[in-house]
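A.B. asks:
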DNA sequence: AATACCATCTTGTCAATGGCAAGATAAGAT
DNA sequence: ATCTTATCTTGCCATTGACAAGATGGTATT
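Right under this line is the structure:
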């Protein structure tokens, strides 16, 4: 697969990020070990430091990747808020490792300009979808409040799903379950 | 304060849990160190093991404590769903350390019977409050769906608040902001 | 082509941590 | 008074994150 033969790996940065996604998927971000990533990539224990500085540096890169992925996912989901909400939940489930890091700012450098930029891009996508919401019956729909409510409900559902906190009744299809929950807000 | 003079601490278990709440409040659950807790309590580095076995054991005890606290908080908030929702968010902010552990099952033994029992008690409180929801206009309000939507929105808002992910616009009063968000669902 | 330069990766080391084992101390039970 | 048990300590080991110093190989300059 990877043409890694020589002294130089060739694409170690990407390999380490991929390994991190795999490792976090297995044991969560708290149990992540740089030395384990190095072993998975077949390099020495100090190789990751060169590319990311320290563990927070690696997770910062992962967070940037995650926010970008989320922005693209929301863009591709189209203009409909329900569809965007389902896509948000689907992203959390399919890219669990990224999602779990993104919203745990104590694990990485959340003030990093790249993180801010990518995070703003994703946030903008979500806000744009909320703007299409019909004003609620009787009241003037405050877009800020609506966006916050929409973000909260999809983020909460995704988080509870990932935490395994939901009762079995909810089923095993996150998209289907998310549709039901979100439609309670936007119907 | 604590009569700890002798060889035996007297109430080490409680002291360690208190220290854990303090430490997690400072640096999050991932950075928690048993040895640091031992230092804070003024005992040797191996003392915690006797009471909790290992780190997961200590966090399991903390999760039980947290779910019980949450159940009491919801009970005291009264029957109104809006009030219960605000209380949920308020709990997350005021008992941040407990909350952060409770919904991170990979950190502790989530299948522990004591955890299950306490978690069920808290969940029951929330469901009882949702049962009082008026059926939504036109459709038959499915209580399961309503409960899931209500839980999702308050949990999501609380999580985003704690993560510092919300824009400054939202203000600095979580109860006030939560009231606005939740009323978008229950109005 | 020879040299200098620099990014990449390795080896070696240190302090801190989690966990285990064995022992010391105190408190209560018989 | 002795036995038993719970509680806490000391000592130890493997693992980890971080740092320092060195090895390797590609790239630019002349």
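Chains as they are written, first to last, in this note's numbering: chain Y, 1 to 187; chain W, 1 to 187.
Glycine included, each C-beta is placed from N, C-alpha and C at the ideal position.
If we count Cβ pairs, one from each stretch, closer than 8 Å, do we get three or more for the region 93-106 of chain W versus the region 44-52 of chain W?
C.D. replies: no
A.B. asks: Which value, in whole angstroms, describes the spacing of the CA atoms of residue 151 (chain W) and residue 122 (chain W)?
C.D. replies: Here residue 151 (chain W) refers to the residue found at position 151 when the second chain is read from its first residue. Here residue 122 (chain W) refers to the residue found at position 122 when the second chain is read from its first residue. Approximately 12 Å, taken between the alpha carbons.
A.B. asks: In three-state terms, what does DSSP make of residue 164 (chain W)?
C.D. replies: Within the second chain, residue 164 (chain W) is the residue found at index 164, counting from 1. It is coil, neither helix nor strand.
A.B. asks: I'd like the list of long-range same chain contacts for residue 86 (chain W), defined as Cβ closer than 6 Å, with 5 residues on each side in sequence excluded.
C.D. replies: Position 86 of the second chain, counting from 1, holds the residue named residue 86 (chain W). Counting only Cβ-Cβ distances below 6 Å, and skipping sequence neighbours, we find 175, 178 and 179.
A.B. asks: Kindly indicate which residue of Y:154, Y:27 and Y:12 has the alpha-carbon position closest to the one of residue 47 (chain Y).
C.D. replies: Your numbering for residue 47 (chain Y) matches position 47 in the first chain. When each option's Cα is compared against that of residue 47 (chain Y), the closest is Y:12.
A.B. asks: Determine, using beta carbons only, whether residue 263 (chain Y) comes closer than 9 Å to chain W.
C.D. replies: Outside the shown range of chain Y, which is 1 to 187, sits residue 263 (chain Y), and nothing can be said about it.
A.B. asks: Determine which residues of the region 95-117 of chain W have a Cβ less than 8 Å from any Cβ of chain Y, and write them out in chain order.
C.D. replies: 103, 104, 105, 106, 107 and 110
A.B. asks: Hey, does residue 165 (chain Y) have any beta-carbon neighbour from chain W nearer than 9 Å?
C.D. replies: In the first chain, counting from the first residue as 1, residue 165 (chain Y) sits at position 165. Yes - at least one Cβ of chain W is within 9 Å of the one on residue 165 (chain Y).
A.B. asks: So, with DSSP's three-state summary, where would you put residue 112 (chain W)?
C.D. replies: If you number the second chain from 1, residue 112 (chain W) lands on position 112. Coil.
A.B. asks: Which residues mark the beginning and the end of the alpha helix (DSSP H) in which residue 33 (chain W) is found?
C.D. replies: In the second chain, counting from the first residue as 1, residue 33 (chain W) sits at position 33. No alpha helix (DSSP H) contains residue 33 (chain W), which DSSP labels as neither H nor E.
A.B. asks: Less than 9 Å separating the beta-carbons of residue 189 (chain Y) and residue 109 (chain Y)?
C.D. replies: Missing from the structure shown is residue 189 (chain Y); chain Y here goes from 1 to 187 and no further.
A.B. asks: To the nearest angstrom, how far is it from the Cα of residue 149 (chain W) to the Cα of residue 171 (chain Y)?
C.D. replies: Numbered from 1 along the second chain, position 149 holds the residue referred to as residue 149 (chain W). Numbered from 1 along the first chain, position 171 holds the residue referred to as residue 171 (chain Y). Distance between the alpha carbons of residue 149 (chain W) and residue 171 (chain Y) is about 15 Å.
A.B. asks: How is the alpha helix (DSSP H) around residue 103 (chain Y) delimited, first residue to last?
C.D. replies: By one-based count along the first chain, residue 103 (chain Y) stands at place 103. Segment: none, residue 103 (chain Y) is in no alpha helix (DSSP H) and carries neither H nor E.
A.B. asks: State yes or no: is the beta carbon of residue 184 (chain W) nearer than 9 Å to at least one beta carbon in chain Y?
C.D. replies: Position 184 of the second chain, counting from 1, holds the residue named residue 184 (chain W). So yes, residue 184 (chain W) belongs to the interface.
A.B. asks: Quick check on this structure: which residue in W:159, W:119 and W:39 has the alpha carbon closest to the alpha carbon of residue 72 (chain W)?
C.D. replies: Start at 1 with the first residue of the second chain, and residue 72 (chain W) comes out as number 72. Nearest option by C-alpha distance: W:119.
A.B. asks: Shorter than 9 Å from the beta carbon of residue 144 (chain Y) to some beta carbon of chain W?
C.D. replies: In the first chain, residue 144 (chain Y) corresponds to position 144, counting from 1. Yes, because at least one Cβ of chain W sits closer than 9 Å to the Cβ of residue 144 (chain Y).
A.B. asks: Can you check whether the CB of residue 182 (chain Y) is closer than 9 Å to the CB of residue 81 (chain Y)?
C.D. replies: As a working mapping, residue 81 (chain Y) is identified with position 81 in the first chain. As a working mapping, residue 182 (chain Y) is identified with position 182 in the first chain. Against a cut-off of 9 Å, the Cβ pair of residue 182 (chain Y) and residue 81 (chain Y) comes out as a contact.
A.B. asks: Going by Cα to Cα distance, which pick from Y:154, Y:45 and Y:163 is closest to residue 185 (chain W)?
C.D. replies: Along the second chain, one-based indexing puts residue 185 (chain W) at 185. Of the candidates Y:154, Y:45 and Y:163, the one whose C-alpha sits nearest the C-alpha of residue 185 (chain W) is Y:154.
A.B. asks: Please state whether the Cβ-Cβ distance between residue 10 (chain W) and residue 158 (chain Y) is less than 9 Å.
C.D. replies: Mapped onto the second chain, residue 10 (chain W) falls at position 10. Mapped onto the first chain, residue 158 (chain Y) falls at position 158. Against a cut-off of 9 Å, the Cβ pair of residue 158 (chain Y) and residue 10 (chain W) comes out as no contact.
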